[in-house]
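Asker: Okay, here's the structure, questions in a sec.
Number of protein chains: 4
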Amino acid sequence: MHHDFKPSKYFTTIGSHEPVLRISSGDSVSTTTVDAAGCDATGEQITERGNPMTGPFYIEGADVGDTLKVDLTQLRPNRNQGYSGKMLAPNVVDPEYVPNLPWPKADEARWAQWQVDIAANTATLLETESLKGSLELTLEPMLGCFGVAPPRGQAISTATSAEHGGNMDYRGFKENITVYFPVFTEGALFHLGDGHALQGDGEMAGTGIEISMDVTFKVELIKGKEISWPRGENDDFIFTVGNARPLDQATQHATTEMLRWLINDFGFDPQTANILMGQAVRYELGNMFDPAYTFVCKMPKRVGSVKLVKD
Amino acid sequence: MHHDFKPSKYFTTIGSHEPVLRISSGDSVSTTTVDAAGCDATGEQITERGNPMTGPFYIEGADVGDTLKVDLTQLRPNRNQGYSGKMLAPNVVDPEYVPNLPWPKADEARWAQWQVDIAANTATLLETESLKGSLELTLEPMLGCFGVAPPRGQAISTATSAEHGGNMDYRGFKENITVYFPVFTEGALFHLGDGHALQGDGEMAGTGIEISMDVTFKVELIKGKEISWPRGENDDFIFTVGNARPLDQATQHATTEMLRWLINDFGFDPQTANILMGQAVRYELGNMFDPAYTFVCKMPKRVGSVKLVKD
Amino acid sequence: MHHDFKPSKYFTTIGSHEPVLRISSGDSVSTTTVDAAGCDATGEQITERGNPMTGPFYIEGADVGDTLKVDLTQLRPNRNQGYSGKMLAPNVVDPEYVPNLPWPKADEARWAQWQVDIAANTATLLETESLKGSLELTLEPMLGCFGVAPPRGQAISTATSAEHGGNMDYRGFKENITVYFPVFTEGALFHLGDGHALQGDGEMAGTGIEISMDVTFKVELIKGKEISWPRGENDDFIFTVGNARPLDQATQHATTEMLRWLINDFGFDPQTANILMGQAVRYELGNMFDPAYTFVCKMPKRVGSVKLVKD
Amino acid sequence: MHHDFKPSKYFTTIGSHEPVLRISSGDSVSTTTVDAAGCDATGEQITERGNPMTGPFYIEGADVGDTLKVDLTQLRPNRNQGYSGKMLAPNVVDPEYVPNLPWPKADEARWAQWQVDIAANTATLLETESLKGSLELTLEPMLGCFGVAPPRGQAISTATSAEHGGNMDYRGFKENITVYFPVFTEGALFHLGDGHALQGDGEMAGTGIEISMDVTFKVELIKGKEISWPRGENDDFIFTVGNARPLDQATQHATTEMLRWLINDFGFDPQTANILMGQAVRYELGNMFDPAYTFVCKMPKRVGSVKLVKD
């Protein structure tokens, strides 16, 4: 069953909030998300800033110990203007270099503005000194923050991320990706928001090109399947997501979850799983800006003679 | 001028050792490297294990404050057998998962053996339980450890890395890559070794497929050009390399060096360099096993309307 | 005004829960806390495990941007038995040493039991192999987890800590200490629990000697006084508390907050504050076990010719 | 046997340099150290800056796998003037606070000068704005950098530290302390220097009050005793020293070495050693400024019913 859902309220935590819609495994939903500053498709601010979430969506029958599969089937910026940070975050450069960053002057606009042309698939910076002309980049729309209600009745700020997902800001979360979340509470309670028209690895400027979006997603419930961290896949890769600080710990979470996946679901003996990952694993950086950083561990579905495809 | 150099001694530190050959800017050298365990093309151990280096090569005219450009023009495994670790390193999984790693039994061989077929471009694991048949991977030969003598008369173990290069274990250091090193001492004193037939990101098993190699490299001296960390480029990317623990600090070094490169060499004003990196930067993981980890910051040479090509 | 409060419900998050009592600035409260496992003075488990909190207490007139001063005037174990971890946490030893830790056998009790003698001020381990007799330690009762509701309507697990306080497990939080918390929400909403009869630095075993307690505290509201992290003082020291991972970041938070305190409240010019801290600062470790670690920056109130005492 | 040794050359790495004196187990040496900037008792710069070392001293009979015991029997500043940093290091404050540090102006002296009065046991800051009078602190002389030659023929900068000791900047390294170093090379090759008249925890300003010193030390060789990291003791504590970045890893090294010490040398079974450390361990911060940080794990020699004293 397909639902068209128009949000009327938003949350800046991911938690056990009153659901906005109850849906079933197999259903799809078309909805909208506001940008990180709470602005909608018209550019008007309609809710408090700070990654406001659309949702939560209650998935009938979901309970602790299940897995929620989410397909992002459509992810489209729905307006022609976005904004981004003008300065890399102080935590991603050498401490002694921090004063050399281009700190905005007191009277200067804090954000850079981009013209987004959805038909042409481009974002064009509206101002820049040294490029002597336009800085034009190709769109790669992605979802910065989404996930399910965390355990223990927690309500976790959408500024950060953990086992439940959240503000991961990973470029790989784009159209046609599949993501799996551990279910920590009855109904799973899926939230989504924080669309980016485009973003570099690490979200090093503290933002992508922040924009409101039209999103369609489909959910499927995998009963009795327990996972520890978000997982995902596309045609070419399976991947696991670790959210923590420092990066070292995020890497440990993602790597361990991949070992569990290969051993428990794909039937590798532990030693072969270790040997294979040692020579074939890939890593990608989600955000390195939020309180928790995001590191992604990827395994190619087809590598040499190995096929990571379940029957 | 081209030199054919056959090494007769090796070093397990990178330092101000007596040069084995003096060469000039513009010269190329064809030589060989032993594997990490000190074994040569015949498989015989001819020197102490621990990433023994071929070199150092003294570059005439090089001095503190210059940059040494090195082109890796040929990088070929020169025997048909390699070895790799059988277990991911304990530091890359969750601490509580460490006892679940496949620790080798007391009477078990510590290394996995691989059959390397250079003509077919494959490495085949000689033993494995669960793959029910061969695990065969495609070769991607790379150099794990190379660099120049560090400052202050230091002699730094080839187990680790720093501003001078060293044991970076980055998959991108393969044939046809160009690398730039800061020169810290008279003659630069270039060392190289630790070839891998193949390696996953992070060298998570503590090794690639370790193998001896035939290597050809070309040096060029850039007088009076000062850089802070290793840099490199290929047809598609420029990149900078940070070597430190934790990964957060390695990222800071690489990111800062990229900012300096864009601003000082490509003429970007600081704010535009920051905005551009924020939306277009990429990161890749060198090793996450050695005392210092390696993180690589990459910028595409052509991204949207921007071209990072010097005239 | 003094209140005697007998709790009837507990929370395992610190958040904007319904207050259990409304009190005024200047009031004191005597109450009880259950241990980390939810057991009360009789040893009976009366609520869910995981650092259940007594409270929250609503302080009349408190609002965002104020500071809440809390004096811990009495802190007394109220039963004669406590428990502790039997093994150091895997994250505080070298990764390769983790398998050598004394992992409990499948049929072994997970916790060590201690006889607590309040009159004699001792805790005696009820079992041990190698000490050939009793292991008896002196009590130093402390409060592991307390704080105010965090910002943005968050409800944060009592397993961790942040700007609002929480599970800091710092040995210095004992009788006669004064602690200051930033107020993030109307009424401040003070929670407390997780008493320890005794604890080593770092809570390296994942627990102190966990025990239920009788606690008396007094609150005072400092209107319009904004601080960023918990602060505290006793007769000899002022101190600031940073809660984050890794320890490096916890140290940055605590050190920065101490600089702000010296400069903004004690009237030091920045350079003198920096010079003085450089030669006189002390650090102590709260927990190094929870998701966020705790590091404490201390300045002696009297150091050489300097007196950090406000008139 | 006692030696009076007057140095005539200095090293800014710790390595397998030509020994300046050969001594025997049981011998003591009285010598001098220059300050971090290479200045001697007269204040004259006589060697290159950067923690120049007196030594190395060759201990007859020492070899790989032994332990070198060093008693610091006398540690006395030998001039009346010292200097310190004027600003906390950028890496020890929040990244976004870095521009607010009191960065010295272009025409400003980089170092604060202190008048050191050895008879009165005080250091007095020669300039300060806000203290309206003198800032006078009590001397606590200590040795910042000392250790033995590292393994593999390395020569490691005296800016940093590792298993061999080096630039640890721990306030506990003062008169009447005993330190144990693992021996990595024939003769052990003991180096020392970098005296501080006084220092805060963490050497957060990048320096203590840097000064030249008269030092007397005594060596004793413990044949066949293998340790992994520097250890030490005084009347009240035994302690172990971890040198690494980040602090988390330094803590892991020190904690693991303490477990080994308690289990292998004091005869505790592993579980009792873990339980005891959990409730009685203490930690102190050496430097948090150098490339490798230093964290110290301490156990009281007498804690409750336990005595850590070998017969």
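Chains as they are written, first to last, in numbering that gives the first Met the number 0: chain A, 0 to 310; chain B, 0 to 310; chain C, 0 to 310; chain D, 0 to 310. Beta carbons are placed, not taken as given, at the ideal position from N, Cα and C, and that holds for glycine. Note that the structure is predicted; figures quoted are calculated from it, not measured.
#1: Buried or exposed: where does E59 (chain A) fall if 16 or more other Cβ atoms within 10 Å of its Cβ makes it buried?
#2: Starting from the C-beta of V69 (chain D), find all residues in its chain whose C-beta is less than 6 Å away, skip the five residues before and the five after it, and write them out in chain order.
#3: Opposite Y82 (chain A) in the DSSP bridges: which residues?
#4: Could you round the C-beta distance between G84 (chain A) and G171 (chain A) to whole angstroms and report it? I think they count as a contact, below 8 Å.
#5: S304 (chain A) to T72 (chain B), Cα distance in whole Å?
#6: What does A204 (chain C) touch in chain E if you count any residue whose Cβ is under 9 Å from its own?
#7: Just to confirm before moving on: does the CB-CB distance between N233 (chain C) and N175 (chain C) stay below 8 Å?
#8: Could you name the residues of chain B that S160 (chain D) contacts, counting a contact when the two beta carbons are closer than 8 Å?
#9: Does the stretch 146–157 of chain B touch the stretch 144–161 of chain D, meaning 3 or more C-beta pairs lie closer than 8 Å?
#10: Using the C-alpha atoms, what's the distance from I208 (chain D) back to F265 (chain D)?
#11: Buried or exposed, going by whether 16 or more other CB atoms sit within 10 Å of the CB of K104 (chain D)?
#12: What does W102 (chain B) reach in chain C if we use C-beta pairs closer than 7 Å?
#13: Anything in the stretch 122–154 of chain A with a Cβ closer than 9 Å to a Cβ of chain C? List those residues in chain order, please.
#14: Quick check: what's the CA-CA separation for L100 (chain A) versus T271 (chain B)?
#15: So, under 8 Å CB-CB, L191 (chain A) and T32 (chain A) are touching, yes? Tell me the CB distance rounded to an integer number of Å.
#16: Can you check which of these residues, C:L197, C:A148, C:G186 and C:H252, is closest to T11 (chain C) by C-alpha distance?
#17: At the 8 Å Cβ level, is T11 (chain C) part of the contact set with chain A, yes or no?
#18: Measuring only the C-alpha atoms, how far is P18 (chain D) from P76 (chain D)?
#19: Taking Cβ-Cβ distances below 7 Å as the criterion, which residues of the stretch 259–281 of chain D are in contact with chain C?
#20: Does the beta-carbon distance from L74 (chain D) to L136 (chain D) come in below 8 Å?
#21: Please report how far the alpha carbon of Y169 (chain C) lies from the alpha carbon of P269 (chain D), in whole angstroms.
#22: Who pairs with N166 (chain C) in a beta bridge, going by DSSP?
#23: To the nearest whole angstrom, what separates the beta carbons of T239 (chain A) and M212 (chain A), a pair I think is in contact under 8 Å?
#24: Below 8 Å on the Cβ atoms is my contact criterion, and I expect S29 (chain D) with L188 (chain D) to pass it. Report the Cβ-Cβ distance as a whole number of Å.
#25: Can you tell me whether Y9 (chain B) is helix, strand or coil according to DSSP?
#26: Apart from the five residues just before and just after L261 (chain B), which ones in its own chain have a Cβ nearer than 6 Å to its Cβ?
#27: Could you tell me which uninterrupted beta strand (DSSP E) segments, each at least 3 residues in length, are contained entirely in the stretch 24–62 of chain D, listed from first to last along the chain?
#28: Determine the DSSP secondary structure at Q73 (chain B), reduced to helix, strand or coil.
#29: Does the separation of the CB atoms of F180 (chain A) and P150 (chain A) fall below 8 Å?
#30: Can you pull the chain A residues whose beta carbon is under 7 Å from the beta carbon of A111 (chain B), in chain order?
#31: E95 (chain A) CB to nearest chain D CB: under 8 Å?
#32: When we look at the beta-carbon of V97 (chain B) and count the other beta-carbons within 10 Å, is it buried (16 or more) or exposed?
#33: One question on the structure: do E47 (chain C) and G37 (chain C) come within less than 8 Å of each other, judged by their Cβ atoms?
#34: For a cutoff of 8 Å on Cβ pairs, would you count G14 (chain C) as touching chain A?
#35: Look up N242 (chain B) in the DSSP assignment and say whether it is helix, strand or coil.
#36: Return the first residue and the last residue of the alpha helix (DSSP H) that G194 (chain D) is part of.
Answerer: Working from what's here:
#1: For the purposes of this step, residue 59 (chain A) is taken as residue 60 along the first sequence, with counting starting at 1. The residue is exposed, with fewer than 16 neighbouring Cβ atoms inside 10 Å.
#2: Numbered from 1 along the fourth sequence, position 70 holds the residue referred to as residue 69 (chain D). Here the set comprises V178, F216 and V218.
#3: Counting from 1 along the first sequence, the entry for residue 82 (chain A) is found at position 83. Paired residues: A:Q112 and A:E209.
#4: Walking along the first sequence from the start, residue 84 (chain A) turns up at place 85. Walking along the first sequence from the start, residue 171 (chain A) turns up at place 172. Not really, about 21 Å apart at Cβ, beyond 8 Å.
#5: For the purposes of this step, residue 304 (chain A) is identified with residue 305 of the first sequence, where counting begins at 1. For the purposes of this step, residue 72 (chain B) is identified with residue 73 of the second sequence, where counting begins at 1. Between S304 (chain A) and T72 (chain B), the C-alpha separation is close to 29 Å.
#6: No chain E appears in this structure, whose protein chains are A, B, C and D.
#7: Residue numbering aside, residue 233 (chain C) sits at position 234 when the third sequence is read from its first letter. Residue numbering aside, residue 175 (chain C) sits at position 176 when the third sequence is read from its first letter. Closer than 8 Å, so yes.
#8: Mapped onto the fourth sequence, residue 160 (chain D) falls at position 161. Under the 8 Å cutoff, chain B gives no residues; its nearest Cβ is about 12 Å from S160 (chain D).
#9: A contact exists between the stretch 144–161 of chain D and the stretch 146–157 of chain B.
#10: Start at 1 with the first residue of the fourth sequence, and residue 265 (chain D) comes out as number 266. Start at 1 with the first residue of the fourth sequence, and residue 208 (chain D) comes out as number 209. Straight-line Cα distance between these residues: approximately 38 Å.
#11: Stepping through the fourth sequence from its first residue, residue 104 (chain D) is reached at position 105. Burial check for K104 (chain D): the Cβ neighbour count within 10 Å stays below 16, so the residue is exposed.
#12: As a first step, residue 102 (chain B) must be located in the second sequence, where it is residue number 103. Residues of chain C passing the Cβ test: P98.
#13: Result list: P149, P150, R151, G152, Q153 and A154.
#14: Walking along the first sequence from the start, residue 100 (chain A) turns up at place 101. Walking along the second sequence from the start, residue 271 (chain B) turns up at place 272. Each residue's CA atom was taken as its position, placing L100 (chain A) and T271 (chain B) some 11 Å apart.
#15: Numbered from its first residue, the first sequence carries residue 191 (chain A) at position 192. Numbered from its first residue, the first sequence carries residue 32 (chain A) at position 33. Indeed, because the Cβ distance is near 6 Å, the residues count as touching under 8 Å.
#16: What you label residue 11 (chain C) is simply residue 12 of the third sequence in a count that begins at 1. Out of C:L197, C:A148, C:G186 and C:H252, C:A148 has the C-alpha closest to the C-alpha of T11 (chain C).
#17: On the third sequence, position 12 is the one that residue 11 (chain C) refers to. Interface residue, yes.
#18: Translated into the one-based positions of the fourth sequence, residue 18 (chain D) becomes position 19. Translated into the one-based positions of the fourth sequence, residue 76 (chain D) becomes position 77. Going by the C-alpha atoms only, they are around 25 Å apart.
#19: Under the 7 Å Cβ criterion, the stretch 259–281 of chain D contributes G266, F267, D268, P269, Q270, T271, N273, I274, L275, M276, G277, Q278, A279, V280 and R281.
#20: Residue numbering aside, residue 74 (chain D) sits at position 75 when the fourth sequence is read from its first letter. Residue numbering aside, residue 136 (chain D) sits at position 137 when the fourth sequence is read from its first letter. Against a cut-off of 8 Å, the Cβ pair of L136 (chain D) and L74 (chain D) comes out as no contact.
#21: The residue you call residue 169 (chain C) lines up with position 170 of the third sequence. The residue you call residue 269 (chain D) lines up with position 270 of the fourth sequence. A straight line joining the alpha-carbon of Y169 (chain C) with that of P269 (chain D) spans about 25 Å.
#22: Taking the third sequence and counting its residues from 1, one reaches residue 166 (chain C) at position 167. In the DSSP output, where bridge partners are listed per residue, N166 (chain C) has C:C144.
#23: By one-based count along the first sequence, residue 239 (chain A) stands at place 240. By one-based count along the first sequence, residue 212 (chain A) stands at place 213. Going by Cβ atoms, the distance from T239 (chain A) to M212 (chain A) rounds to 25 Å, so no, they are not a contact pair.
#24: Walking along the fourth sequence from the start, residue 29 (chain D) turns up at place 30. Walking along the fourth sequence from the start, residue 188 (chain D) turns up at place 189. That belief does not hold up - the Cβ atoms of S29 (chain D) and L188 (chain D) are roughly 19 Å apart, past 8 Å.
#25: Numbered from 1 along the second sequence, position 10 holds the residue referred to as residue 9 (chain B). Per DSSP, reduced to three states, the secondary structure at Y9 (chain B) is coil, with no helix or strand assignment.
#26: Walking along the second sequence from the start, residue 261 (chain B) turns up at place 262. Exclusion of the five residues before and after L261 (chain B) leaves F267 and A272 as the residues of its chain whose Cβ lies within less than 6 Å of its Cβ.
#27: Whole beta strand (DSSP E) segments, 3+ residues: 27–32 and 53–58.
#28: Sequence index remark: in the second sequence, residue 73 (chain B) carries index 74 (1-based). DSSP places Q73 (chain B) in strand when its eight states are reduced to three.
#29: By one-based count along the first sequence, residue 180 (chain A) stands at place 181. By one-based count along the first sequence, residue 150 (chain A) stands at place 151. No, these two residues do not count as a Cβ contact at 8 Å.
#30: Taking the first residue of the second sequence as position 1, residue 111 (chain B) is located at position 112. The answer, in chain order, is I274.
#31: Indexing the first sequence from 1 puts residue 95 (chain A) at position 96. Residue contact with chain D for E95 (chain A): present (Cβ-Cβ distance below 8 Å to some residue of chain D).
#32: For this step, residue 97 (chain B) is matched to residue 98 along the second sequence. It is buried - the Cβ of V97 (chain B) has at least 16 other Cβ atoms within 10 Å.
#33: Working through the third sequence from its first residue, we reach residue 47 (chain C) at position 48. Working through the third sequence from its first residue, we reach residue 37 (chain C) at position 38. In contact: E47 (chain C) and G37 (chain C) (Cβ atoms closer than 8 Å).
#34: Working through the third sequence from its first residue, we reach residue 14 (chain C) at position 15. For G14 (chain C), the answer is yes, since a Cβ of chain A falls inside 8 Å of its Cβ.
#35: Here residue 242 (chain B) refers to the residue found at position 243 of the second sequence. Note: N242 (chain B) maps to strand in three-state DSSP.
#36: What you label residue 194 (chain D) is simply residue 195 of the fourth sequence in a count that begins at 1. Going by DSSP, G194 (chain D) is part of no alpha helix (DSSP H) but of the beta strand (DSSP E) stretching over F189 to H195.
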